[in-house]
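Under our numbering, the first residue of the sequence shown is numbered 2, with each subsequent residue one higher.
C-beta atoms are modelled at their ideal positions from N, C-alpha and C, and glycine is treated no differently.
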Amino acid sequence: MTKKYYAAYGSNLNIAAMRRRCPEAEIAGTAELKNYALVCKGLPPRVFLTLEPQAGGGIPLGIWAVTARDEAALDRYEDHPALYRKETVRVRLKTRDSGRAAHVDAFLYIMAEGMPEGTPDDAYRALCRAGFRDFGFDEHILDRPFKING
Numbered sequence: 002m003t004k005k006y007y008a009a010y011g012s013n014l015n016i017a018a019m020r021r022r023c024p025e026a027e028i029a030g031t032a033e034l035k036n037y038a039l040v041c042k043g044l045p046p047r048v049f050l051t052l053e054p055q056a057g058g059g060i061p062l063g064i065w066a067v068t069a070r071d072e073a074a075l076d077r078y079e080d081h082p083a084l085y086r087k088e089t090v091r092v093r094l095k096t097r098d099s100g101r102a103a104h105v106d107a108f109l110y111i112m113a114e115g116m117p118e119g120t121p122d123d124a125y126r127a128l129c130r131a132g133f134r135d136f137g138f139d140e141h142i143l144d145r146p147f148k149i150n151g
């Protein structure tokens, strides 16, 4: 079964939630997306994390290996293409098991242009923070987008 790499940075870092949403997905490892920052945007009650270019910025990514069925489930969850567009990025994947690194192409979701900054609800924030812990990321990275927006 052919798999693609998916780069998660928000609620899809939450392993339990991803297992329900995409049962065939496997954790491939981690990466960093350079020159981007996390921000919260959307129209209440649909305010979520997204990415914005920022020189010198960097965000941690959880890299999943997903099937076509998983990708279709992610498209539905991310309301693609209405709310999020899909982009492919080249990242340096550090595998979880061996720690080896290789450059790979991964798709990710970025919110459609024109959405205002907003405040996500407490449940979404908790889901994202748990996902950051699942991948061993510093959850304080979320303080800025969550604090700036509420």
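Beta-bridge pairing of residue i - partner residues as DSSP gives them
| i | result |
| --- | --- |
| Ala38 | Glu53 |
| Ile60 | Leu34 |
| Tyr7 | Trp65, Phe108 |
| Arg91 | Asp106 |
| Glu72 | Looking at the DSSP assignment, Glu72 forms no beta bridge with any residue, so it has no partner. |
| Arg134 | According to DSSP, Arg134 bridges with nothing at all. |
| Ile28 | Trp65 |
| Tyr85 | Met112 |
Residue i versus the options, residue with shortest Cα-Cα distance
| i | options | result |
| --- | --- | --- |
| Glu33 | Asp122, Lys148, Ala131, Val92 | Val92 |
| Tyr6 | Glu114, Val67, Gly115, Gly137 | Val67 |
| Tyr110 | Glu118, Val48, Asp80 | Asp80 |
| Lys42 | Pro121, Arg86, Thr96, Ile60 | Pro121 |
| Arg86 | Ile142, Arg126, Gly115 | Gly115 |
| Ala56 | Lys4, Ser99, Asn36 | Asn36 |
| Phe147 | Asn13, Phe49, Pro54 | Phe49 |
Sub-9 Å separation of residue i and residue j beta-carbons
| i | j | result |
| --- | --- | --- |
| Leu52 | Tyr10 | yes |
| Ala107 | Thr89 | yes |
| Leu84 | Ala124 | no |
| Ala8 | Thr96 | no |
| Ile60 | Ala38 | yes |
Cβ-Cβ separation, residue j to residue i (assumed contact under 8 Å), whole Å
| i | j | result |
| --- | --- | --- |
| Ala74 | Arg22 | 5 Å |
| Asn15 | Gly132 | 4 Å |
| Ala26 | Leu128 | That belief does not hold up - the Cβ atoms of Ala26 and Leu128 are roughly 16 Å apart, past 8 Å. |
Q | Ordered list of beta strand (DSSP E) runs contained in the segment 93-128, each at least 3 residues | A | 102-112
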